[in-house]
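*Asks:* Okay, so the sequence shown: first residue is 3 according to the numbering used here, each after it adds one. For each residue, glycine too, the CB sits at the ideal point set by N, CA and C. Fair warning: this is a prediction, and the values are worked out from it, not measured in the lab. Quick one: this structure, given as structure tokens, is what I'll be asking you about.
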Amino acid sequence: MANMATESIFLKVSCVNGKYVGLMCVHVLLVLLLSSIATSSKTILDTLPGYPGTLPFKLETGYVAVGEIDDLELFYYFVESQRNPVRDPLVLWLTGGPGCSALSGLLYEIGPLTFDYAAFNGSRPTLVQNPYSWTEVANVIFLDAPVGTGFSYSHTQEGYYSSDTESPQAIYLFLRKWLLDHPRYIKNPLYIAGDSYSGVIVPQVTLLISNGNRDGSVPPMSLLSIKAGCNEEYVDPDINNSTCIDDIGLVAEGTITDWKRCNKSLAYDSNLRTVVHYHDELLKRGYRALIYSGDHDMMIPYVGTLAWINFLNMTMVDGWRPWTVDGQIAGFTEKYARASGDGLTFATGGGHTAPEYKPKECLEMADRWMSFYGL
3 MANMATESIF LKVSCVNGKY VGLMCVHVLL VLLLSSIATS SKTILDTLPG YPGTLPFKLE
63 TGYVAVGEID DLELFYYFVE SQRNPVRDPL VLWLTGGPGC SALSGLLYEI GPLTFDYAAF
123 NGSRPTLVQN PYSWTEVANV IFLDAPVGTG FSYSHTQEGY YSSDTESPQA IYLFLRKWLL
183 DHPRYIKNPL YIAGDSYSGV IVPQVTLLIS NGNRDGSVPP MSLLSIKAGC NEEYVDPDIN
243 NSTCIDDIGL VAEGTITDWK RCNKSLAYDS NLRTVVHYHD ELLKRGYRAL IYSGDHDMMI
303 PYVGTLAWIN FLNMTMVDGW RPWTVDGQIA GFTEKYARAS GDGLTFATGG GHTAPEYKPK
363 ECLEMADRWM SFYGL
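In structure tokens:
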């Protein structure tokens with residue numbers, strides 16, 4: 003049987019593996035700006051360093067306090083859908099690690115901005131719009147979790163201790179509070195998604211939401227299904243670029259500590275050996291699941307994903323076949339079902355960081371699936 007981390011599922015994406023280190027300069031400047039002005043509950047940003055002019059989308063950053071004594075401050079980036087924010091789905095995006103910043107998903111994978119690699123000449127990089135951002139079709143929350151990741155922090159030392167079973171509880175509380183503060187999105191279809199190690203967390207968060215809805219927790223959430231990228235444990239941080247020292251100095255010394263893309267020093271307990279039983283329960287309750295695994299992923303071979311899917315004992319209703327985008331093969335897919343619901347869709351294509359390698363195809367995949375179209 004595949005190990006715990008391989009059994010994780012929910013949309014496939016993760017951090018770029020150390021490429022274009024010079025681009026970390028604007029990356030650091032960006033997060034310093036975001037964190038320094040987002041210490042209040044929430045802030046709307048109109049401009050960002052490296053991007054010319056006003057942002058063509060709504061970007062909100064902020065903190066939500068969770069925990070028994072509200073000692074955990076979880077930091078988020080929220081990008082409103084550029085299509086129809088009132089009707090489009092709400093996606094909670096969780097990055098892997100554990101300990102990798104949500105900016106990995108925001109800037110390198112599915113967010114509305116990315117680096118202008120072609121124009122980079124060693125000076126401060128520039129940001130350009132990502133034409134294949136998932137915010138073209140969905141409202142997306144990018145969350146720094148667990149505490150100690152990105153700009154999320156704790157008022158107490160005890161709050162920095164987390165685990166596979168504790169982190170989902172904090173994330174669930176975050177989402178409840180966030181929705182109460184943003185009631186216009188309560189009725190939007192809700193999807194929980196993530197990459198890499200977050201596949202251990204996403205099914206737990208999803209089940210907590212389902213249980214909360216059953217128990218009458220406020221607010222009720224319009225949970226439809228889950229998306230997952232199948233990956234093993236992922237910790238592959240970029241180092242801070244030393245050429246950015248002068249630019250970092252634009253922020254007052256002592257206001258924040260050094261930013262790290264992935265925090266390898268988390269006090270974190272990987273205490274779950276498997277999450278297959280969470281998927282089993284969710285599928286029994288009729289939720290859909292999309293499992294995506296890069297067939298060119300040399301870190302996590304997709305055959306391992308197929309192995310744990312077999313443990314769910316589902317009936318295949320659509321056999322192994324290619325799925326296409328604009329007439330070109332994007333990968334291969336097969337679909338499983340149970341009498342209680344639409345079941346599970348498995349798809350391949352791309353590498354370990356799929357939206358990096360196949361951004362157009364991944365956007366098409368996500369949009370079709372959230373729109374209840376087949377691949």
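1. So is residue 281 buried or exposed if we call it buried at 16+ other beta carbons inside 10 Å?
2. What's the gap between the Cα of residue 163 and the Cα of residue 74?
3. Determine, using beta-carbon pairs with one atom in the region 125-139 and one in the region 176-185, whether at least three such pairs fall under 8 Å.
4. Report the rounded CA-to-CA distance for residue 313 versus residue 291, giving the unit in angstroms.
5. Do the region 145-153 and the region 63-81 make contact, defined as three or more Cβ pairs closer than 8 Å?
6. Starting from residue 107, trace the alpha helix (DSSP H) in both directions and tell me its first and last residue.
7. With a cut-off of 8 Å on the beta carbons, I'd call residue 192 and residue 224 a contact; round off their distance for me.
8. In this structure, what does DSSP give as the bridge partners for residue 171?
9. Taking the alpha helix (DSSP H) that residue 378 falls in, what are its first and last residues?
10. Which word fits residue 197, buried or exposed, when buried means at least 16 other C-beta atoms lie within 10 angstroms of its C-beta?
11. Judging by CA-CA distance, which residue of 213, 219, 60, 99 is the nearest neighbour of residue 402?
12. CA-CA distance, residue 215 and residue 200?
13. Between residue 106 and residue 80, what straight-line distance do the alpha-carbon atoms span, to the nearest angstrom?
14. Taking a contact to mean a Cβ-Cβ separation below 8 Å, would you say residue 139 touches residue 369 in this structure?
15. Around the C-beta of residue 206, are 16 or more other C-beta atoms found within 10 angstroms, so that it is buried, or is it exposed?
16. In the DSSP output, which residue or residues are listed as bridge partners for residue 178?
17. Is the region 362-376 touching the region 326-341 in the sense that three or more CB pairs, one from each, lie closer than 8 Å?
18. To the nearest angstrom, how far is it from the Cα of residue 116 to the Cα of residue 186?
19. List the endpoints of the continuous alpha helix (DSSP H) containing residue 280.
20. Considering just the uninterrupted stretch of the alpha helix (DSSP H) at residue 365, what are its terminal residues?
21. Using 8 Å for Cβ pairs, my map puts residue 143 next to residue 95. What's the rounded Cβ distance?
22. In angstroms, rounded to a whole number, what distance separates the CA positions of residue 157 and residue 88?
23. Less than 6 Å between C-beta atoms, sequence neighbours within five positions excluded: which residues of the same chain meet that for residue 338?
24. Can you tell me where the beta strand (DSSP E) holding residue 337 begins and where it ends?
25. Distance check for residue 371 and residue 273, CA to CA, integer angstroms please.
26. For residue 194 versus residue 208, is the C-beta distance shorter than 8 Å?
27. Classify residue 90: buried if its beta carbon has 16 or more other beta carbons within 10 angstroms, exposed otherwise.
28. What are the boundary residues of the beta strand (DSSP E) that residue 49 is part of?
29. Please name the residue in 265, 155, 66 whose C-alpha comes closest to that of residue 182.
30. So what does DSSP say about residue 160, is it helix, strand or coil?
*Replies:* Checking against the coordinates, here is how it stands:
1. By 1-based counting over the sequence shown, the position of residue 281 is 279. Result: buried.
2. On the sequence shown, residue 163 is found 161 positions in, with the first residue counted as 1. On the sequence shown, residue 74 is found 72 positions in, with the first residue counted as 1. Cα to Cα, the separation comes out at about 11 Å.
3. No, the region 125-139 does not touch the region 176-185.
4. On the sequence shown, residue 313 is found 311 positions in, with the first residue counted as 1. On the sequence shown, residue 291 is found 289 positions in, with the first residue counted as 1. Between residue 313 and residue 291, the C-alpha separation is close to 15 Å.
5. yes
6. As a first step, residue 107 is located in the sequence shown; it is residue number 105 there, counting from the start. Unbroken alpha helix (DSSP H) run through residue 107: 105-110.
7. Against the sequence shown, residue 192 aligns to sequence position 190. Against the sequence shown, residue 224 aligns to sequence position 222. 5 Å between Cβ atoms; contact.
8. As a first step, residue 171 must be located in the sequence shown, where it is residue number 169. The partner list for residue 171 (beta bridge, DSSP) is empty, contrary to what the question assumes.
9. Absent from the structure is residue 378, since the part of the chain shown begins at 3 and ends at 377.
10. If you number the sequence shown from 1, residue 197 lands on position 195. Result: buried.
11. A question about residue 402 goes unanswered here, because the residues of the chain that appear run from 3 up to 377.
12. As a first step, residue 215 is located in the sequence shown; it is residue number 213 there, counting from the start. As a first step, residue 200 is located in the sequence shown; it is residue number 198 there, counting from the start. Between residue 215 and residue 200, the C-alpha separation is close to 22 Å.
13. Against the sequence shown, residue 106 aligns to sequence position 104. Against the sequence shown, residue 80 aligns to sequence position 78. Approximately 14 Å between the Cα atoms of the pair.
14. Position 137 of the sequence shown, counted from the first residue, corresponds to residue 139. Position 367 of the sequence shown, counted from the first residue, corresponds to residue 369. Yes, these two residues count as a Cβ contact at 8 Å.
15. Here residue 206 is taken as the residue at index 204 of the sequence shown, counted from 1. When all chains shown are included, residue 206 counts as buried.
16. Reading the sequence shown from its first residue, position 176 is the one you call residue 178. DSSP lists no partner for residue 178.
17. yes
18. Along the sequence shown, one-based indexing puts residue 116 at 114. Along the sequence shown, one-based indexing puts residue 186 at 184. Roughly 28 Å between the two C-alpha positions.
19. Along the sequence shown, read from residue 1 onward, the residue named residue 280 stands at position 278. It spans 278-286 - the alpha helix (DSSP H) in which residue 280 sits, taken as one unbroken run.
20. The residue labelled residue 365 in the question sits at position 363 within the sequence shown. Unbroken alpha helix (DSSP H) run through residue 365: 361-372.
21. Start at 1 with the first residue of the sequence shown, and residue 143 comes out as number 141. Start at 1 with the first residue of the sequence shown, and residue 95 comes out as number 93. At roughly 7 Å, the Cβ-Cβ gap stays under 8 Å, so residue 143 and residue 95 are in contact.
22. Counting from 1 along the sequence shown, the entry for residue 157 is found at position 155. Counting from 1 along the sequence shown, the entry for residue 88 is found at position 86. The straight-line gap from Cα to Cα measures roughly 35 Å.
23. By 1-based counting over the sequence shown, the position of residue 338 is 336. So the list reads 316, 318, 345, 346, once near-sequence residues are dropped.
24. Here residue 337 refers to the residue found at position 335 when the sequence shown is read from its first residue. From DSSP, the beta strand (DSSP E) with residue 337 extends over 330-340.
25. The residue you call residue 273 lines up with position 271 of the sequence shown. The residue you call residue 371 lines up with position 369 of the sequence shown. Taking the straight line joining both Cα atoms gives about 32 Å.
26. Here the question's residue 194 lines up with position 192 in the sequence shown. Here the question's residue 208 lines up with position 206 in the sequence shown. Closer than 8 Å, so yes.
27. Your numbering for residue 90 matches position 88 in the sequence shown. By the neighbour-count rule (16 or more Cβ atoms within 10 Å), residue 90 is buried.
28. Position 47 of the sequence shown, counted from the start, is the residue given in the question as residue 49. DSSP places residue 49 in no beta strand (DSSP E); its state is neither H nor E.
29. As a position in the sequence shown, residue 182 is number 180, starting the count at 1. Of the candidates 265, 155, 66, the residue whose Cα lies closest to the Cα of residue 182 is 66.
30. As a first step, residue 160 must be located in the sequence shown, where it is residue number 158. Three-state DSSP puts residue 160 in a helix.
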